[in-house]
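Visitor:
There are 2 protein chains.
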Amino acid sequence: MPVTLRRTRRRRGSAVTIHEVARKAGVSPMTVSRVTNGEDNVREATRDLVMKAIRELNYSPNPAARSLAGAQSTRIAMIYSNPSVAYLSELLVGALDKASKTAAQLVLEKWDELKPAAERAAARKLAQSVAGVILPPPLCESDVIASELAAADIPVIAIATGRFRANVSCVRIDDFRAASEMTAHLLSLGHQRIGFIKGHPNQTASAQRFAGFETTMEAAGLTPNPAYVQQGYFTYRSGLEAAEALLDRKRPPTAIFASNDDMAAAVISVAHRRGMDVPGDLSVVGFDDTVTATTVWPELTTIRQPIAAMADAALNLLLRKIRHKKVGEPAEPVDHLFAHELVKRASDGPPPKDA
Amino acid sequence: MPVTLRRTRRRRGSAVTIHEVARKAGVSPMTVSRVTNGEDNVREATRDLVMKAIRELNYSPNPAARSLAGAQSTRIAMIYSNPSVAYLSELLVGALDKASKTAAQLVLEKWDELKPAAERAAARKLAQSVAGVILPPPLCESDVIASELAAADIPVIAIATGRFRANVSCVRIDDFRAASEMTAHLLSLGHQRIGFIKGHPNQTASAQRFAGFETTMEAAGLTPNPAYVQQGYFTYRSGLEAAEALLDRKRPPTAIFASNDDMAAAVISVAHRRGMDVPGDLSVVGFDDTVTATTVWPELTTIRQPIAAMADAALNLLLRKIRHKKVGEPAEPVDHLFAHELVKRASDGPPPKDA
DNA sequence: TTGCTTTCTGATAGCGCTACCAATTAGTCT
DNA sequence: AGACTAATTGGTAGCGCTATCAGAAAGCAA
């Protein structure tokens, strides 16, 4: 009865399995599993043994088997709405990359300007089919979605929300500080009349960025002229209008700080249309460092926000939460702050002499 | 010995399994599996029974189990390289949407300017881990990738390649005809001096678009001035340079037809910087109808290419091929032509009076 | 040392599906 | 009808991993 001969028949190409690691480390597969899942009830010495075997065999767990055995579906929804394409595509790239590595299934949902009731219904429905949700702006601000999902016990991660809210984990940068640094940069260049284009009012990040600007201006002894502050909505189109308004003034600003790159690009376009040189006649800076920043001419000085990495981290966090949920840990909300960076390029300079 | 009591303990929330379908249909799970995999050795009557049960239970196979059981993984790679973001994100949205509906796992790969040898190696490596590949431009033109993947018997679909090649299935629009229509449109507006900015020479679509332009010009009795044709590379930056060259001429064109929207946007930017009005002094038209087209001001008249739908169709085709491959059907290459559409917006008009 | 609790580790039994082969049935040919 | 082949169908055994619980080891008090 040559039953055991079969054993190997269906084996996949060359993948190392948990059993091989276990044998090499001289422990049971179960112990290896514990180590790879970061459970803490394994003795230090044993853990080291296993780690060593893992490294030597270059083992990485089979995600399909994992999700099958764990019985947790790893469908994860990302709900977007009217994003800047540049932002969305970076987000997608980051999330998708991670998802494919962890065998999570990313589901894309587009919820455009739903009424609260519709949003609530959609969230409830979604909660039945996914294990976790990633909320990029602007939906990351929606209390309706957050509460509905929380009620269904579905973990949620907000990306790039303006500030930490007690009930939702988030991955973000410090918008206030970043805006403050950019403002300081402009001031150090010698600008006094600095225009600001605010982001969409439905996002806390907008408020944070403006607060960073305002606070820093005031700290420098400059009470920002309200006429130099325009409401924008993160779209190119809104940037166009804001820029027109700003440059229509008798004494236009010598620098304009737009709350994102798309609007900054719009400012440049308007400036050019009016025969102004950037940065000779007008400095323009943006925020986010999406591809737009390096597409336009001149390239934008902006704040780098590592969107793809943030998406990656968000997925990571979510996966962990999903796992822990099973274990029953209460999983208190995390506030994962990423570092930003002021990227100096070609759209800013000292104010014109005659200003 | 209450062993069987456990049976249900670990079961997932509400997911329907193949067993339930089998029980309902009165057949064995194996038969259900055959039906869901489209195998042909199931009697018609039995198949109907199973289909009915599947529909009633709203069953959909668990992909993790499927791939674990040694079935082909439905991992599908999309290899991109330096795309326009607008294009990429639309592509991703379309593909991802379909992927999540069919439980396929989309894997993103970025291969930037690899040397042929490296490309060959990467393709070979990829072939071991995915069941199919989607190739958007510009990689859809790579014979290296196509041949390497063909050798490994991995189905490939090219998206938006310029023309059908006998050995690779593709999903595309008729670039020649679209460009021809756009040219005719410009001519009908009264333009005679029409500038053209070519796309990247490594893409057959570029050649097709140019051919459509040239042929139509000639058919109208206008031998296009070679000085009015500039080489571009589908990037905003290249559009900038091409536009400068075109508008530097003593008798600049009254209309510029750019081979994609990004370059058309660049043309508008340059025109504005030179104090020209669009479309008053210069008509500008693009190609693709990405978000860029409706972002810039004035909005671009362009050729609509249904990118998301094309990605959807590509995935569909690919999935079918993967399935058929198993059954052993030779699967001859398909050439799926989508309809394009000339979208008239605000960037074009009659030539200026004094031209 | 014994008796008992607290870690740590291992054995077993699946997760949902398909490969493989055996068994059954239908179909064909003398 | 009987013999034999081809077409369907079912049974069994995993795929690689983890949940669960039992057993072993370690820690600790008495």
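Listed in order, the protein sequences are those of chains U and C.
This note's numbering puts the first residue of the first sequence at 1314, with every later residue one more than the last.
This note's numbering puts the first residue of the second sequence at 1314, with every later residue one more than the last.
Glycine included, C-beta positions come from ideal geometry on N, C-alpha and C.
Between U/Asp1410 and chain C, is any beta-carbon pair separated by less than 8 Å?
Guide: Position 97 of the first sequence, counting from 1, holds the residue named residue 1410 of chain U. Yes, its Cβ sits closer than 8 Å to a Cβ of chain C.
Visitor: Let me check you understand the geometry: is the CB of C/Thr1615 closer than 7 Å to at least one non-hydrogen atom of the ligand GDP?
Guide: As for the ligand GDP, it is missing from this structure, which has no ligand bound.
Visitor: What residues from the stretch 1471-1503 of chain C come within 8 Å of chain U, judged by C-beta to C-beta, listed N to C?
Guide: Result list empty, no residue passes.
Visitor: Beta-carbon within less than 6 Å of U/Ala1627's beta-carbon, same chain only, minus the 5 sequence neighbours each way: which residues are those?
Guide: Here residue 1627 of chain U corresponds to residue number 314 of the first sequence, with the count starting at 1. These residues qualify, in order along the chain: Ile1447, Ile1470, Ile1472 and Val1484.
Visitor: Can you grab the Cα-Cα spacing for the pair C/Glu1557 / U/His1585, in whole Å?
Guide: On the second sequence, residue 1557 of chain C is found 244 positions in, with the first residue counted as 1. On the first sequence, residue 1585 of chain U is found 272 positions in, with the first residue counted as 1. Going from the Cα of C/Glu1557 to the Cα of U/His1585 covers about 14 Å.
Visitor: Among all the DSSP beta bridges, which residues are the ones paired with U/Val1469?
Guide: Taking the first residue of the first sequence as position 1, residue 1469 of chain U is located at position 156. Its beta-bridge partners are U/Val1446.
Visitor: Let me know if C/Pro1664 comes out buried or exposed under the rule of 16 or more other beta-carbons within 10 Å of its beta-carbon.
Guide: Here residue 1664 of chain C refers to the residue found at position 351 when the second sequence is read from its first residue. Its Cβ being crowded by 16 or more others within 10 Å, C/Pro1664 is buried.
Visitor: Give the range of the alpha helix (DSSP H) segment to which C/Ala1366 is assigned.
Guide: Residue mapping note: residue 1366 of chain C aligns to position 53 of the second sequence, counting from 1. Taken as a continuous stretch (DSSP letters only), the alpha helix (DSSP H) holding C/Ala1366 covers Glu1357 to Leu1370.
Visitor: Just the chain U side, please: which residues come within less than 9 Å of C/Gln1521 by C-beta, in chain order?
Guide: Walking along the second sequence from the start, residue 1521 of chain C turns up at place 208. Simply none; closest approach about 25 Å.
Visitor: Assuming C/Ala1624 contacts C/Leu1404 (C-beta within less than 8 Å), just tell me the rounded distance between them.
Guide: Here residue 1624 of chain C is taken as the residue at index 311 of the second sequence, counted from 1. Here residue 1404 of chain C is taken as the residue at index 91 of the second sequence, counted from 1. 5 Å between Cβ atoms; contact.
Visitor: To the nearest angstrom, how far is the alpha carbon of U/Lys1657 from that of U/Arg1564?
Guide: Within the first sequence, residue 1657 of chain U is the residue found at index 344, counting from 1. Within the first sequence, residue 1564 of chain U is the residue found at index 251, counting from 1. When rounded, the distance between both Cα atoms is 26 Å.
Visitor: With DSSP as the reference, label C/Gln1544 as helix, strand or coil.
Guide: Within the second sequence, numbered from 1, the residue matching residue 1544 of chain C stands at position 231. The answer is strand: DSSP assigns C/Gln1544 an E or B state.
Visitor: For U/Met1623, name the three-state secondary structure that DSSP assigns.
Guide: In the first sequence, counting from the first residue as 1, residue 1623 of chain U sits at position 310. Reduced to three states, the DSSP call for U/Met1623 is helix.
Visitor: Do C/Val1604 and U/Val1398 have their C-beta atoms within less than 8 Å of each other?
Guide: Here residue 1604 of chain C is taken as the residue at index 291 of the second sequence, counted from 1. Here residue 1398 of chain U is taken as the residue at index 85 of the first sequence, counted from 1. Yes, the pair counts as a contact, with Cβ atoms nearer than the cut-off.
Visitor: For C/Leu1613, tell me which candidate among C/Phe1600, C/Ser1455 and C/Leu1419 has the shortest Cα-Cα distance.
Guide: As a working note, residue 1613 of chain C is residue 300 in the second sequence. Closest option to C/Leu1613, Cα to Cα, is C/Phe1600.
Visitor: Could you name the residues that DSSP lists as bridge partners for C/Ser1482?
Guide: Stepping through the second sequence from its first residue, residue 1482 of chain C is reached at position 169. Its beta-bridge partners are C/Ile1470.
Visitor: For the stretch 1456-1465 of chain U against the stretch 1492-1500 of chain U, do three or more pairs of beta-carbon atoms, one drawn from each stretch, fall closer than 8 Å, so that the two count as touching?
Guide: In short, these stretches do not touch, since the Cβ pair count stays below three.
Visitor: In angstroms, rounded to a whole number, what distance separates the CA positions of U/His1653 and U/Phe1547?
Guide: Working through the first sequence from its first residue, we reach residue 1653 of chain U at position 340. Working through the first sequence from its first residue, we reach residue 1547 of chain U at position 234. Rounded to the nearest angstrom, the two C-alpha atoms are 19 Å apart.
Visitor: With 8 Å as the threshold, decide whether the Cβ of C/Gly1588 is near any Cβ in chain U.
Guide: On the second sequence, position 275 is the one that residue 1588 of chain C refers to. Chain U contact via Cβ: present.
Visitor: Going by the beta-carbon positions, is the gap between U/Val1334 and U/Leu1370 smaller than 8 Å?
Guide: For the purposes of this step, residue 1334 of chain U is taken as residue 21 along the first sequence, with counting starting at 1. For the purposes of this step, residue 1370 of chain U is taken as residue 57 along the first sequence, with counting starting at 1. Contact: yes.
Visitor: Less than 8 Å between the C-beta atoms of U/Gln1543 and U/Leu1559, yes or no?
Guide: Indexing the first sequence from 1 puts residue 1543 of chain U at position 230. Indexing the first sequence from 1 puts residue 1559 of chain U at position 246. Contact: yes.
Visitor: Taking CB distances under 8 Å as the criterion, tell me whether U/Tyr1549 reaches chain C.
Guide: Taking the first sequence and counting its residues from 1, the one referred to as residue 1549 of chain U is at position 236. Yes, contact with chain C.
Visitor: Mind listing, in chain order, the continuous beta strand (DSSP E) runs of no fewer than 3 residues lying wholly within the stretch 1569-1623 of chain C?
Guide: 1596-1598 and 1615-1617, all fully within the stretch 1569-1623 of chain C.
Visitor: Between the stretch 1608-1626 of chain U and chain C, which residues of the former have CB atoms less than 9 Å from a CB of the latter, in chain order?
Guide: Taking 9 Å as the Cβ-Cβ cut-off against chain C, the residues of the stretch 1608-1626 of chain U that qualify are Thr1608, Val1609 and Trp1610.
Visitor: Please list, in chain order, the residues of the stretch 1417-1429 of chain C that have any C-beta partner in chain U closer than 7 Å.
Guide: If the cut-off is 7 Å between Cβ atoms, the stretch 1417-1429 of chain C has Gln1418, Leu1419, Val1420 and Leu1421 near chain U.
Visitor: When you compare the CB positions of U/Leu1452 and U/Trp1424, do they come within less than 8 Å of one another, or not?
Guide: Mapped onto the first sequence, residue 1452 of chain U falls at position 139. Mapped onto the first sequence, residue 1424 of chain U falls at position 111. Closer than 8 Å, so yes.
Visitor: Return the residue from the list C/Gly1475, C/Thr1536 and C/Thr1529 that minimises the CA-CA distance to C/Pro1514.
Guide: Within the second sequence, residue 1514 of chain C is the residue found at index 201, counting from 1. The option with the nearest alpha carbon to C/Pro1514 is C/Gly1475.
Visitor: Name the two residues that bound the continuous beta strand (DSSP E) containing C/Gly1662.
Guide: Stepping through the second sequence from its first residue, residue 1662 of chain C is reached at position 349. Neither: C/Gly1662 is in no beta strand (DSSP E) and is coded neither H nor E.
Visitor: Would you report the Cα separation of U/Val1363 and U/Thr1415, rounded to the nearest angstrom?
Guide: Taking the first residue of the first sequence as position 1, residue 1363 of chain U is located at position 50. Taking the first residue of the first sequence as position 1, residue 1415 of chain U is located at position 102. Near 21 Å, if we compare the C-alpha coordinates of U/Thr1415 and U/Val1363.
Visitor: Can you pull the chain U neighbours of C/Val1406, defined as C-beta to C-beta under 7 Å?
Guide: Here residue 1406 of chain C is taken as the residue at index 93 of the second sequence, counted from 1. Near C/Val1406 (Cβ distances below 7 Å), the residues of chain U are Leu1421.
Visitor: Please list, in chain order, the chain C residues whose beta carbon lies closer than 7 Å to that of U/Val1604.
Guide: Here residue 1604 of chain U is taken as the residue at index 291 of the first sequence, counted from 1. Result: Val1398.
Visitor: With 8 Å set as the bound, which would you pick, yes or no: does the beta-carbon of U/Ser1413 sit closer than that to a beta-carbon of chain C?
Guide: For the purposes of this step, residue 1413 of chain U is identified with residue 100 of the first sequence, where counting begins at 1. Yes, because at least one Cβ of chain C sits closer than 8 Å to the Cβ of U/Ser1413.
Visitor: Quick one: give me the first and last residue of the alpha helix (DSSP H) that C/Val1647 is part of.
Guide: Walking along the second sequence from the start, residue 1647 of chain C turns up at place 334. That residue, C/Val1647, is in no alpha helix (DSSP H); it is neither H nor E in DSSP.
Visitor: Got a sec? Which residues, its chain only, sit under 8 Å from U/Pro1539 by beta carbon, not counting five neighbours each side?
Guide: By 1-based counting over the first sequence, the position of residue 1539 of chain U is 226. Hits under 8 Å: none found.
Visitor: Go through its chain and collect everything with a Cβ distance to C/Glu1432's Cβ below 7 Å, but skip five positions before and after it.
Guide: Here the question's residue 1432 of chain C lines up with position 119 in the second sequence. Excluding positions up to five away in sequence, the list reads Trp1424, Ser1455, Val1457 and Ile1458.
Visitor: If we count the other Cβ atoms within 10 Å of its Cβ and call it buried at 16 or more, is C/Pro1468 buried or exposed?
Guide: Along the second sequence, read from residue 1 onward, the residue named residue 1468 of chain C stands at position 155. C/Pro1468 comes out buried.
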